[in-house]
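Asks: Please find one structure pasted underneath; my questions will follow.
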Amino acid sequence: MNAKRLLLSLAITVLSAAPAVAQDWPTKPVRILVGFSPGGAADLVGRILQKAMSERLGQPVVVENRTGASGLLATAEVVRATPDGHTLGVIVSTHASSPAIQPNMPFDPVRDVAAVALIGKIPLVIGVHSGVKAQTLQELIALAKSTPGGMNYATAGAGLAHHFAGELFKRQANIVLIHTPYRGAGPMMAAMMGAEIPIGVAAVPTIRQNVESGRLRALAVTSARRAPNMPTVPTVAESGFPGFDISEWYGVVTTAGTPPAIVGRINQEINKIMATPEMTRWVQDNAIIRDQSSAAEFAAFIRSEITKLGQIARDANIKVE
């Protein structure tokens, strides 16, 4: 009986201490590691959080860019950090696609990180140069089927969500599309604008202005819901492919083993930041689809994305040299 009382007492002590641990965080500067170059979308997410968290938390928050391996180098540094919530990482959808295409992952994308918060999803657009004689996705499919050898399509890089969306679409449509990866969104847009390549898969913020100018035409968005600032463009699912849902997404993780109370506190802070009027406008301006989520919900989302993208990679034999 004494032993049972002792265990109960210890459990109560631990549970009562958890809120205090979370309340004390942060006790020193917070690092936000970003695996991509300054100026990109992931870097922008990190710097937005940096500014807001610095103001809210009363501790310095610094962004450090650790570029390479589609963001994996930065996340690997988060994995090695002390599990106290003072090292955060901005991850993107390549966190879920890399296990299927990277032969030597430096960490386990589920076991070795603690999911904190999903920032949001950016729909992708299947678009064409204005000279392409296709006004709808079904017309593009018919055109591809009538073109000897198929057609080329561009993305901002191999292994990105854009690549997976293109490969899934061509398999479901049963057409020949040849992937042409460019070194970033800028070169890809230049190639499409110059009619160097007829088809492209690009994020809404990347392609929207050129669609509005009439130089490119948006045929469908790849997310489950229509893009907030391109509401007249149907989804791929609405265009004859039920269940089609691939987006570029951004989220925050920290080191595995970080106390759940601290993870929950960081999640709350990020969700409060994202709910401010300034951030609401930023979300709308960038066509971000955002559903507030808990840390556990984000962890479940990561697992589901790994499963989904892994299956697409196997079916389409996606490899990155």
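According to the working numbering, the sequence shown is numbered sequentially starting from 17.
Glycine included, C-beta positions come from ideal geometry on N, C-alpha and C.
#1: Could you tell me the distance, in whole angstroms, from the CA atom of G230 to the CA atom of E71?
#2: Are the Cβ atoms of R47 and H102 separated by less than 8 Å?
#3: Give the single residue among A219, A277 and R187 whose Cα lies nearest to the Cα of E264.
#4: Kindly examine the ligand ATP and report whether one of its heavy atoms sits closer than 7 Å to the Cβ of A206.
#5: Going by C-alpha to C-alpha distance, which of A312, R330 and E183 sits closest to V268?
#6: Span of the beta strand (DSSP E) holding N168?
#7: What does P197 pair with, by DSSP beta-bridge criteria?
#8: Is DSSP giving K186 helix, strand or coil here?
#9: How many angstroms separate the CA atom of S310 from the CA atom of I282?
#10: Using DSSP with H/G/I as helix, E/B as strand and the rest coil, what is E254?
#11: With H, G and I counted as helix, E and B as strand and the rest as coil, what does DSSP make of A240?
#12: If you follow the alpha helix (DSSP H) that P343 is in, where does it begin and where does it stop?
#13: Where does K324 fall in DSSP's three states?
#14: So what does DSSP say about I64, is it helix, strand or coil?
#15: Within the same chain, show all residues whose beta-carbon is closer than 8 Å to that of A253, passing over the 5 residues directly before and after it, in chain order.
#16: In this structure, does DSSP put N81 in helix, strand or coil?
#17: If I'm right that L140 touches A177 with Cβ under 8 Å, what's the distance once you round it to whole angstroms?
#18: Beta strand (DSSP E) containing L89: first to last residue?
#19: Just to confirm the assignment, what range does the alpha helix (DSSP H) spanning W265 have?
#20: How far does the beta strand (DSSP E) with P4 in it extend, from its first residue to its last?
#21: What first and last residue would you give for the beta strand (DSSP E) that runs through I305?
#22: Give the single residue among G56, T171 and E285 whose Cα lies nearest to the Cα of M208.
#23: Measure the C-alpha to C-alpha separation of E212 and T43 and round it to an integer number of angstroms.
#24: Where do the N-terminal and C-terminal ends of the beta strand (DSSP E) with V217 fall, by residue?
#25: Enumerate in chain order the residues of its own chain whose CB-to-CB distance from A234 is below 6 Å, with the five nearest sequence positions on each side excluded.
#26: What number of angstroms, rounded off, separates the C-alpha of V148 from the C-alpha of P54?
#27: Quick check: the Cα distance between A131 and S146, rounded to an integer number of angstroms?
Replies: A quick look at the data gives this:
#1: When rounded, the distance between both Cα atoms is 42 Å.
#2: Taking a C-beta distance under 8 Å as the contact criterion, R47 and H102 qualify as a contact pair.
#3: Comparing Cα-Cα distances from E264 to each of A219, A277 and R187, the minimum goes to A219.
#4: Absent from the structure shown: the ligand ATP. Ligands present: none.
#5: Minimum Cα distance to V268 is reached at A312.
#6: First-last of the beta strand (DSSP E) with N168: M167 to T171.
#7: Beta-bridge pairing links P197 to T171.
#8: Helix, per DSSP.
#9: Their Cα atoms are separated by approximately 10 Å.
#10: Residue state, collapsed to three classes: coil.
#11: Here A240 sits in coil by DSSP.
#12: Given that the chain is displayed from residue 17 to residue 337, the structure contains no residue 343 and the question cannot be resolved.
#13: Of the three classes helix, strand and coil, the one that applies to K324 here is helix, per DSSP.
#14: Here I64 sits in helix by DSSP.
#15: A240, G259, F260 and D261.
#16: Under the three-state reduction of DSSP output, N81 falls in the strand class.
#17: Confirmed, about 6 Å.
#18: Boundaries for L89: no beta strand (DSSP E) harbours it, while the alpha helix (DSSP H) harbouring it runs L88 to R96, taken from the DSSP string.
#19: Boundaries around W265 are those of the beta strand (DSSP E), S263 to T271, since no alpha helix (DSSP H) includes it.
#20: Residue 4 is absent from the model: the chain starts at 17 and stops at 337.
#21: In this chain, I305 is not harboured by any beta strand (DSSP E), its DSSP state being neither H nor E.
#22: Out of G56, T171 and E285, T171 has the C-alpha closest to the C-alpha of M208.
#23: If you draw a straight line from the Cα of E212 to the Cα of T43, it comes to about 54 Å.
#24: Run containing V217: I215 to A219, per the beta strand (DSSP E) assignment.
#25: So the list reads V141, G143, V227 and V249, once near-sequence residues are dropped.
#26: Roughly 35 Å separates the two Cα atoms.
#27: Their Cα atoms are separated by approximately 42 Å.
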